[in-house]
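As structure tokens, the structure follows; a few thoughts come after it.
Protein chains: 2
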Amino acid sequence: MQLNKQHNIKLAKDLSLRKRAETFIPGGMWGHMSVKKLPHGYPQFFSKAKDARIWDLDGNCYIDFMCGYGPNLLGYSNAEVDHAVNEQRKKIDLGNGPSALVVDLAEKIITIVDSADWALFAKNGTDATTTCLTISRAATGKKKILVARGSYHGSAPWCTPVATGVVEEDTSNLIFFEYNDNASLEAAVQDADSDLAGIILTAFRHDVRRDQDLPKKAFLKKAREICDKKNAVLILDDVRAGFRLNKSGSWFDFGVKPDLTAFSKAIGNGYPLSAVVGVDKLRQAASEIYVTGSFWCNATSMAASLKTLSIIEEIDVVGHISFLGNKLRAGIDQIANNLGVGISQSGPPQMPLILFKDDKDFSRGKKFVQYLLGRGIYFHPWHNMFLSLAHTAKDVDITLDAVEFAMKKISLEIK
Amino acid sequence: MQLNKQHNIKLAKDLSLRKRAETFIPGGMWGHMSVKKLPHGYPQFFSKAKDARIWDLDGNCYIDFMCGYGPNLLGYSNAEVDHAVNEQRKKIDLGNGPSALVVDLAEKIITIVDSADWALFAKNGTDATTTCLTISRAATGKKKILVARGSYHGSAPWCTPVATGVVEEDTSNLIFFEYNDNASLEAAVQDADSDLAGIILTAFRHDVRRDQDLPKKAFLKKAREICDKKNAVLILDDVRAGFRLNKSGSWFDFGVKPDLTAFSKAIGNGYPLSAVVGVDKLRQAASEIYVTGSFWCNATSMAASLKTLSIIEEIDVVGHISFLGNKLRAGIDQIANNLGVGISQSGPPQMPLILFKDDKDFSRGKKFVQYLLGRGIYFHPWHNMFLSLAHTAKDVDITLDAVEFAMKKISLEIK
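Those protein sequences? They're chains A and B, same order as listed. Numbers in our numbering are just positions in the first sequence, counted from 1, shifted up by 1165. Numbers in our numbering are just positions in the second sequence, counted from 1, shifted up by 1165.
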């Protein structure tokens, strides 16, 4: 498991396949996994993943800090999760109805997550957030949903960050406000007038290309208070952060209870699944809407999720990734300080984001991650990263060595 | 593999789990897999599936004619598909980008499907149909989509058949017409005026609770002509029928080429995947929209699909299921004729639908399927059914024996 030590990593096979991909796939690749907007040096394709390591087509190995953009919570190819999947697959994956696991899984997630009296399951995070809007409108008979400007809630027409192909009516019942800004939220509530169905909020402000912000307690309390007063639904979009901040739900430590919570990503350690959990007063509405999908009841994904949730009940995953995240953050801060390089590290340490000061075009950030790729470290220049249970203190030490190398280069270039 | 021979099948474990499910899942179960609207006797949960057989929690075994509502094309737990998945999983399932299989799979589906110059992949059928709308709007700069009344295109707010929680704006850019009715289609085109972005059509009319209709060639040609004339996009929603009518796309035999085609269900023989394929003129628009999902690049689903598509290239799956579908249909017709029971069998034989004459409340249809369940045959009273490569002529013979038993009972009750 030799990490790549060369600065200019070889991506010959990757580049060749990218060329072939241009013929068969529009633009060569779609969605968040396209590397087109990332600086040169990122592989587009991967050939292997195990624990906290990932390999590209050319055999370069990286300590990975993206975790598949979140799903990898326990380590890639976690043996216990894969075993649970294999055992289930010997029986049934997809039938004309779910396996018994759907009930076990619903019970399990309700047991672990605070503010959850019932659960239903889907495939995409977008399925879960969209379903939260539908339940809110069904329950309240109202239309308007308040959304924080710049927050990512999925890629359906109502929430995709790129407006191409989206029509006005897809977003005409959304009212935007600034995350963590009570006055802005209250102005949006005024705009909604008597038609406020709900407020949807990510666990914390994890928009790309800017510092992350944990939610202010007073802001969450205000959102809760408004929903109580206006008979509206408070929705926690925990798709990205779920099970990394607190296994009981990301707002547990803030003492604010959402009415609905959307989970996905880490819920099955990479096996495709999402969930909506909610409080009792929304049970009736949730039973009256119609949402479904051909694969929403794949029993293998439910087996994966049951095992994943069992592991996070037994092992303090949040503690582990917080510890390593803090170690990484402290180390990077010290390196940057010593070298006089201005950086900003923000958000929860287990979901790190490192931005450079005075770097509006991300030119420093891009060089930084390129140096790191050359040393076998996979960072992202403007999207929050993720830690997993499979990352070790030694991984962080190796990473800090590479960070020191990269920061020195950056510091010389600044001067 | 003893089929259940008792009329009153025992569902004690199933009923007990359903009671438990009521506590944890709104209404006990959501979506198309809920048996709440089906007559008494259907198990809600399944414990095992292999080839064309499915087992409920109480150990009752059924010859299954629903195929998981479509995904099971080659037989449940097909050994070759599962092997391909296992081999892929040893390498990588989900990473920070796709595996090389995404390119192989795009090339493969373009090779097999007519009217496909490029492909992209998603998870749900709904992802694929919704993406087709987005691409159509991006390409044309227009808004209106023509949709056949009663057609099922998924469960996002714009297409879900239950309006609860759906707001007016979700459907305000749709214009409805009658499937197979040229005058109705042309009236809808008039309504769209200069704002026609596209026409979406299922492969054939497979709406629930009514006879199925294959598309009239003149109707498809009219839709094609309108789209050509109006610079609009002709969308084939082949999610339900794809790879069962013709491996090259369900309209191949009609000589009408869609601009976009949505696939899902059978594409990976049960592993979660969907696809949008399109013609060159829409490649640019497809590269400019933003659609994505955390699990859209699971390499195991792509391995499953590659193997599934390879098998349908080598084996005449459509021929096999058509042959058995015709055998089943002819046998049922003969039984009904002999007994003087009025029935209607409609649509392609490999996707059978059997309705009773003068049965508006489906009371005969319900009794019929209940008698069949008691004999170990899983039919549906009002949704089209599905055949798979794993069904055998002997399965059909066993089924016809049970149909004769059930029809006799029905005929006595009619008299």
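Virtual Cβ for every residue (Gly too), placed ideally from N, Cα, C. Just so you know, these numbers come straight off a predicted model, no measurement behind them.
With H, G and I counted as helix, E and B as strand and the rest as coil, what does DSSP make of residue i?
i	result
TYR1241 (chain B)	strand
TYR1227 (chain A)	strand
LEU1520 (chain A)	strand
SER1511 (chain A)	strand
ASP1372 (chain A)	coil
SER1212 (chain A)	strand
ALA1440 (chain A)	strand
TYR1234 (chain A)	helix
PHE1533 (chain B)	helix
ILE1454 (chain A)	coil
ILE1477 (chain A)	helix
LYS1309 (chain B)	strand
ARG1302 (chain A)	helix
THR1329 (chain B)	coil
GLY1363 (chain A)	strand
ARG1218 (chain B)	strand
VAL1561 (chain B)	helix
Given a cut-off of 8 angstroms on the beta-carbon distance, is the pair residue i and residue j in contact?
i	j	result
LYS1309 (chain B)	LEU1366 (chain B)	no
ASP1247 (chain B)	ASP1179 (chain B)	no
MET1550 (chain B)	LEU1266 (chain B)	no
SER1459 (chain A)	ASN1289 (chain A)	no
LYS1457 (chain B)	SER1359 (chain A)	This sequence places Thr at residue 1457 (chain B); Lys is not what is there. No, the pair does not count as a contact, with Cβ atoms beyond the cut-off.
TRP1323 (chain B)	LEU1311 (chain B)	no
GLU1578 (chain B)	LYS1522 (chain B)	no
THR1426 (chain B)	LEU1238 (chain B)	no
VAL1442 (chain B)	ILE1228 (chain B)	no
GLY1240 (chain A)	LEU1504 (chain A)	no
PRO1204 (chain A)	GLN1510 (chain A)	no
ASN1345 (chain B)	PHE1384 (chain B)	yes
ILE1400 (chain B)	THR1329 (chain A)	no
GLY1260 (chain B)	ALA1567 (chain A)	no
ASP1269 (chain B)	LEU1471 (chain B)	yes
VAL1483 (chain B)	ARG1409 (chain B)	yes
SER1212 (chain B)	LYS1256 (chain A)	yes
Taking CB distances under 8 angstroms as the criterion, tell me whether residue i reaches chain B.
i	result
TYR1317 (chain A)	no
MET1198 (chain A)	yes
TYR1234 (chain A)	yes
ASN1225 (chain A)	no
TYR1536 (chain A)	no
THR1367 (chain A)	no
VAL1444 (chain A)	no
GLU1453 (chain A)	yes
ASN1338 (chain A)	yes
TYR1543 (chain A)	yes
LEU1259 (chain A)	yes
Pull up the CB-CB distance for residue i and residue j, whole angstroms please, since I reckon it's below 8 angstroms.
i	j	result
GLY1363 (chain B)	LEU1285 (chain B)	The Cβ separation is near 17 angstroms, so there is no contact.
TRP1283 (chain A)	PRO1191 (chain B)	5 angstroms
ALA1406 (chain B)	MET1572 (chain B)	So it is not a contact: roughly 28 angstroms between Cβ atoms.
ILE1497 (chain B)	ILE1519 (chain B)	6 angstroms
ASN1583 (chain B)	PRO1437 (chain A)	What is shown of chain B runs 1166 to 1580, which leaves residue 1583 (chain B) out entirely.
TRP1195 (chain B)	ARG1374 (chain B)	Wrong, their Cβ atoms sit about 20 angstroms apart, outside the cutoff.
ASP1258 (chain B)	GLY1433 (chain A)	With 8 angstroms as the limit, ASP1258 (chain B) and GLY1433 (chain A) do not qualify as a contact, their Cβ atoms being about 11 angstroms apart.
VAL1121 (chain A)	ARG1302 (chain B)	One cannot answer for residue 1121 (chain A) here, as it falls past the ends of chain A, which runs 1166 to 1580.
Counting only C-beta atoms, is residue i closer than 8 angstroms to chain A at any point?
i	result
TYR1275 (chain B)	The amino acid at residue 1275 (chain B) is misidentified as Tyr; the sequence shows Ile. Yes - at least one Cβ of chain A is within 8 angstroms of the one on ILE1275 (chain B).
ALA1284 (chain B)	yes
ALA1271 (chain B)	yes
LYS1256 (chain B)	yes
TRP1547 (chain B)	no
ARG1185 (chain B)	yes
MET1166 (chain B)	Note that MET1166 (chain B) scores a pLDDT of 47, beneath 50, so its modelled location is shaky and nothing firm can be said.
MET1572 (chain B)	no
ASP1279 (chain B)	no
For chain E, is any of its Cβ atoms less than 8 angstroms away from the one on residue i?
i	result
MET1550 (chain A)	Absent from the structure: chain E. Protein chains present are A and B.
| request: Pull out every residue of the stretch 1459 to 1480 of chain B whose Cβ sits closer than 7 angstroms to any Cβ of chain A, in chain order. | output: SER1459, PHE1460, TRP1461, CYS1462 and ASN1463
| Residues in the stretch 1202 to 1224 of chain A having any Cβ partner in chain B nearer than 9 angstroms | TYR1207, PRO1208, GLN1209, PHE1210, PHE1211, SER1212, LYS1213, ALA1214, LYS1215, ILE1219, TRP1220, ASP1221 and LEU1222
| task | Residues of the stretch 1234 to 1251 of chain B with a CB closer than 9 angstroms to any CB of chain A: list them in chain order, please. | result | TYR1234, GLY1235, PRO1236, ASN1237, TYR1241, SER1242, ASP1247, VAL1250 and ASN1251
| If contact means a Cβ-Cβ distance below 9 angstroms, which residues of the stretch 1515 to 1537 of chain A contact chain B? | none
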